[in-house]
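Position 328 of the sequence shown, counted from 1, bears residue number 515 in UniProt numbering, the numbering being contiguous throughout. From the three backbone atoms N, C-alpha and C, an ideal C-beta is built for every residue, glycine too. These numbers come from a predicted model, not from an experiment.
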Amino acid sequence: KRNIAVMTSGGDAPGMNANVRAIIRAAIYKGCKAFAVYEGYSGLVKGGPKYIREMSWHDVRGWLAEGGTNIGTARCMEFKERWGRLAACKNMIDAGIDALIVCGGDGSLTGADLFRSEWPSLISELKETKKITTEQYDKYKHLNICGTVGSIDNDMSSTDATIGAYSSLARICQAIDYIDATANSHQRAFVIEVMGRHCGWLALMAGMATSADYIFIPELPSSKKDWQDHMCNIVSKHRERGKRKTIVIVAEGAIGADLTPITCKDVLNVLVDRLHLDTRITTLGHVQRGGTAVAYDRMLATLQGVAAVDAILEGSPDIPSPMISIVENKIVRKPLVEAVKLTKQVAEAISKKDFQKAISLRDTEFNE
Ligand code: ADP
Numbered sequence: 188k189r190n191i192a193v194m195t196s197g198g199d200a201p202g203m204n205a206n207v208r209a210i211i212r213a214a215i216y217k218g219c220k221a222f223a224v225y226e227g228y229s230g231l232v233k234g235g236p237k238y239i240r241e242m243s244w245h246d247v248r249g250w251l252a253e254g255g256t257n258i259g260t261a262r263c264m265e266f267k268e269r270w271g272r273l274a275a276c277k278n279m280i281d282a283g284i285d286a287l288i289v290c291g292g293d294g295s296l297t298g299a300d301l302f303r304s305e306w307p308s309l310i311s312e313l314k315e316t317k318k319i320t321t322e323q324y325d326k327y328k329h330l331n332i333c334g335t336v337g338s339i340d341n342d343m344s345s346t347d348a349t350i351g352a353y354s355s356l357a358r359i360c361q362a363i364d365y366i367d368a369t370a371n372s373h374q375r376a377f378v379i380e381v382m383g384r385h386c387g388w389l390a391l392m393a394g395m396a397t398s399a400d401y402i403f404i405p406e407l408p409s410s411k412k413d414w415q416d417h418m419c420n421i422v423s424k425h426r427e428r429g430k431r432k433t434i435v436i437v438a439e440g441a442i443g444a445d446l447t448p449i450t451c452k453d454v455l456n457v458l459v460d461r462l463h464l465d466t467r468i469t470t471l472g473h474v475q476r477g478g479t480a481v482a483y484d485r486m487l488a489t490l491q492g493v494a495a496v497d498a499i500l501e502g503s504p505d506i507p508s509p510m511i512s513i514v515e516n517k518i519v520r521k522p523l524v525e526a527v528k529l530t531k532q533v534a535e536a537i538s539k540k541d542f543q544k545a546i547s548l549r550d551t552e553f554n555e
């Protein structure tokens, strides 16, 4: 029976609480002890009972629907340094933990895999410097890790959906529905900025779900003249057909063909100067992260939480660390390192404007 800890790390996402709840309850149900590491990797580096707490079945009651993450999350520079990971290793052993499930984005999962691959050398150093006993060394020789993906951007390779993405999408659509009413009344145009630095999924899906007039995403840059002409043609056509409002969605990572950002202000200027539309900008900001998790995220986080505990219990040092995914509606395990590597390669290809490569990399994940 294992002592399994769960942590949330990186940007918060609705459904992280549901994931923590499922992991804690599945671990207890399977006869393990369950722990929560508070404040992401920084809690692991600091250690002690304030940050690493054993959790009971009741501790997570009511967490299923709640947004954000009740065990906290943080960006932690110390964990990027070896000394930080060494402290984390010691703190885990002190708390008696031998398996770690991290719910976060690609950065957090990169950190988790690095921690696991370095574990033998970290634990040897602790033994040599007499910070742990030989018995402790033997008992904690292997660290089992597993990743679940919490991210509102839906930006991870090898999974169809990340925990939080559908909640964020629902919130964006709701906000745009509100804006629609006032836009329609005054015949205004609204330029709406949504999150997504390397991935336009939120902008693209929100565009479809709200029948926006035009969208800008990082994956599809075009030259200034092209997008200006194209957008103006489409918006004018819609107006000629009697549409009283205009909605343009801009992903925060939207770029032009020259790789410089396309901002809401750039878009507003064109709508005002060329089409003389009364135009406003709305940046949805952190509203997109807040609020309760939609049903899909509660379900995804729960199924994946149980699958993560199973993966830990069935794991062994010779099996690569798993990441829990959903592919074509099935909860599956994928090799964590490969998924993170693919995600980084796609982002890199996009930032270099190599879309052919980005598309073929994205295909790789699904053809696996
Ligand atoms: P996300 O998980 O949402 O992508 P970040 O990239 O900010 O968010 O990563 C969250 C945390 O994960 C970082 O603050 C750091 O503690 C840890 N982390 C990220 N990348 C690494 C890395 N290469 N090595 C070790 N830890 C990392």
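Do residue i and residue j have their CB atoms nearer than 8 angstroms?
i: Thr195; j: Thr256; result: yes
i: Ile404; j: Gly429; result: no
i: Asp460; j: His373; result: no
i: Ala200; j: Arg485; result: no
i: Ile513; j: Ala348; result: yes
i: Ser304; j: Leu529; result: no
i: Ile363; j: Val437; result: no
i: Ile332; j: Val289; result: yes
i: Gly292; j: Gly198; result: yes
i: Ala534; j: His385; result: yes
i: Ile359; j: Ala393; result: yes
i: Trp244; j: Arg212; result: yes
i: Tyr216; j: Ile258; result: no
i: Gly492; j: Thr260; result: no
i: Ile191; j: Ala214; result: yes
i: Leu389; j: Asp453; result: no
i: Gly249; j: Asn278; result: no
i: Leu301; j: Leu330; result: no
i: Gly254; j: Gly477; result: yes
i: Pro504; j: Val524; result: no
i: Glu427; j: Phe542; result: no
Which same chain residues, not among the five before or five after residue i, have their C-beta less than 7 angstroms away from its C-beta?
i: Ala536; result: Lys544, Ala545, Leu548
i: Tyr324; result: Ile310, Lys314
i: Arg467; result: Arg375, Phe377
i: Phe553; result: Low confidence applies here, because Phe553 scores a pLDDT of 45, under 50, leaving its location unreliable; read the following figure in that light. None.
i: Ala498; result: Cys333, Pro509, Ile511, Arg520
i: Ala252; result: Thr479, Ala480, Arg485
i: Leu471; result: Ile359, Ala362, Ile379, Glu380, Val381
i: Tyr401; result: Met418, Ile421, Val422, Val435
i: Leu500; result: Arg189, Lys217
i: Val496; result: Ile191, Ile210, Ala213, Ala214, Lys217
i: Leu462; result: Cys419, Val422, Ser423
Go through its chain and collect everything with a Cβ distance to residue i's Cβ below 8 angstroms, but skip five positions before and after it.
i: Asp367; result: Thr397, Lys432, Ile434
i: Glu439; result: Glu380, Val381, Met382, Gly383, Arg384
i: residue 557; result: Residue 557 lies beyond the residue range present for the chain, which begins at 188 and ends at 555; the question has no answer from this structure.
i: Ala357; result: Val481
Excluding the 5 residues flanking residue i on each side, which residues of the same chain have their C-beta closer than 6 angstroms to its C-beta?
i: Glu555; result: Residue placement at Glu555 is poorly supported in this model, since its pLDDT is 39, which falls under 50; the coordinates are not used for a value here.
i: Gln532; result: Leu548
i: Tyr483; result: Tyr353
i: Ala370; result: Phe377, Lys432
i: Val247; result: Arg208, Ile211
i: Ala494; result: Ile511, Ile518
i: Leu490; result: Ile518
i: Gly337; result: Ala200, Met203, Cys290, Gly291, Ile350, Gly351
i: Asp457; result: The sequence shown places Val at residue 457, rather than the Asp named in the question. Excluding residues within five positions, the ones whose Cβ falls inside 6 angstroms are Gln415.
State yes or no: is the C-beta of residue i nearer than 7 angstroms to some heavy atom of ligand 2?
i: Phe403; result: Ligands present in the displayed structure are limited to ligand 1, and ligand 2 is not among them.
Determine, using beta-carbon pairs with one atom in the region 517-525 and one in the region 351-365, whether at least three such pairs fall under 8 angstroms. Fewer than three beta-carbon pairs drawn from the region 517-525 and the region 351-365 are found closer than 8 angstroms, and the two stretches are therefore not classed as touching.
Per the contact definition of three or more C-beta pairs closer than 8 angstroms, is the region 231-239 in contact with the region 279-289? Flag = yes, the region 279-289 and the region 231-239 touch.
4-residue-minimum alpha helix (DSSP H) runs that sit fully inside the region 447-514, ordered along the chain: Those alpha helix (DSSP H) runs which fall completely within the region 447-514 and span 4+ residues are 451-462, 482-501.
What residues sit near ligand 1, counting only those whose C-beta is closer than 7 angstroms to one of its heavy atoms, in chain order? The set, ordered by position in the chain, is Ser196, Gly197, Gly198, Gly227, Tyr228, Ala261, Arg262, Cys263, Met264, Phe266, Lys267, Gly291, Gly292, Asp293, Gly294, Ser295, Leu296, Thr297, Gly298, Leu301, Ser338.
Touch check for the region 396-415 and the region 443-454: three-plus C-beta pairs under 8 angstroms? The region 396-415, when compared against the region 443-454, does touch it at the 8 angstroms Cβ threshold.
Where in the region 289-333 do unbroken runs of the beta strand (DSSP E), each at least 3 residues long, occur, reported from the N-terminal end onward? Runs of the beta strand (DSSP E) inside the region 289-333: none found.
Does the region 220-236 touch the region 252-270, meaning 3 or more C-beta pairs lie closer than 8 angstroms? They touch, by the three-pair rule.
Quick one: which unbroken alpha helix (DSSP H) runs of 4-plus residues sit fully inside the region 189-245? Chain order, please. Annotation: the region 189-245 contains the following complete segments of the alpha helix (DSSP H) (minimum length 4 residues), in chain order: 203-216, 227-233.
Counting only runs of 4+ residues fully inside the region 406-448, write out the alpha helix (DSSP H) ranges in chain order. If only uninterrupted alpha helix (DSSP H) runs of at least 4 residues are considered, those enclosed by the region 406-448 are 411-427.
Ignoring anything shorter than 4 residues or poking outside the region 372-410, list the alpha helix (DSSP H) runs there in chain order. Along the length of the region 372-410, whole alpha helix (DSSP H) runs at least 4 residues long occupy 388-397, reported in chain order.
Minimum length 3: unbroken beta strand (DSSP E) runs contained in the region 253-277: List check, beta strand (DSSP E) in window: nothing returned.
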